[in-house]
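Asks: Got a structure for you, questions after.
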Amino acid sequence: MNQLTPTDRCPGNTGMQGCAPAADPPSIATPSYAEALVEPAGVFGSPAEVVAHPWFTAQEKRTILLSWARDELVLEQVANGILPELKPRSRIDAVVEALSRFDPRAAAEYDAAAGAIRTRKLRRAGSRLARLRARRA
Numbered sequence: 001m002n003q004l005t006p007t008d009r010c011p012g013n014t015g016m017q018g019c020a021p022a023a024d025p026p027s028i029a030t031p032s033y034a035e036a037l038v039e040p041a042g043v044f045g046s047p048a049e050v051v052a053h054p055w056f057t058a059q060e061k062r063t064i065l066l067s068w069a070r071d072e073l074v075l076e077q078v079a080n081g082i083l084p085e086l087k088p089r090s091r092i093d094a095v096v097e098a099l100s101r102f103d104p105r106a107a108a109e110y111d112a113a114a115g116a117i118r119t120r121k122l123r124r125a126g127s128r129l130a131r132l133r134a135r136r137a
């Protein structure tokens, strides 16, 4: 894991002029922005940890949560498509809630997409149930 410098905290800052970190640097190694972006669920225990992180800027938190929302949506979509009888351990709802603090429009879009996936799953389950009932009749 990499240590971040004050310059890393300031997008567009090409020198050391006047941009300070959001908090004092931690004494232990912290995850880099790139690590958090690539695998947010592997770096953070919950989306709330992203929100509370003292080193990442609001824009970085937004981007990390967007990445996490995409990952969770894919998980839910794949699990529902391949093995619909399983209930995936998707954290999309918690990620959407955290994301809404930084980007309400994107949060609403991910929430709608998750709802669409869940609705399709319910429709498929309903049609399977109707076929089973028809066979029994």
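So in UniProt numbering, spot 40 of the sequence shown is number 40, and the numbers just go up one at a time. Each residue gets a CB set at the ideal place from its N, CA and C atoms; glycine is no exception.
Quick one: complete alpha helix (DSSP H) runs, 4+ long, within the region 43-68?
Replies: Those alpha helix (DSSP H) runs which fall completely within the region 43-68 and span 4+ residues are 47-52.
Asks: Using DSSP with H/G/I as helix, E/B as strand and the rest coil, what is THR30?
Replies: Residue state, collapsed to three classes: coil.
Asks: Please classify VAL43 as buried or exposed, where buried requires at least 16 other C-beta atoms within 10 Å of its C-beta.
Replies: When all chains shown are included, VAL43 counts as buried.
Asks: Whose C-beta lies closer than 7 angstroms to the C-beta of LYS61 among residues of the same chain, with five residues either side of it excluded?
Replies: VAL50, VAL51, HIS53, PHE102.
Asks: Quick one: give me the first and last residue of the alpha helix (DSSP H) that GLU97 is part of.
Replies: Here the alpha helix (DSSP H) through GLU97 covers 92-99.
Asks: Using the three-state DSSP reduction, which class does ARG120 fall into: helix, strand or coil?
Replies: If DSSP states are grouped into helix, strand and coil, ARG120 belongs with the helices.
Asks: Cβ atoms of VAL96 and ALA79: under 8 angstroms apart, would you say?
Replies: No, Cβ-Cβ distance for ALA79 and VAL96 is not below 8 angstroms.
Asks: Identify, in the order they occur along the chain, each residue of the same chain with its Cβ nearer than 6 angstroms to the Cβ of ALA36, setting aside the five sequence neighbours on each side.
Replies: Cβ within range, chain order: VAL43, ILE64.
Asks: Taking DSSP as the reference, what is the three-state secondary structure of GLU39?
Replies: It is coil, neither helix nor strand.
Asks: Thinking C-alpha only, which one of PHE56, ASP71, ALA48, GLY81 is nearest LEU99?
Replies: Considering only alpha carbons, the answer is ALA48.
Asks: Please state the DSSP three-state secondary structure of ARG105.
Replies: Here ARG105 sits in helix by DSSP.
Asks: Once you ignore the five residues that flank ALA58 on each side, which residues in its own chain have a CB closer than 8 angstroms to its CB?
Replies: Here the set comprises PHE102.
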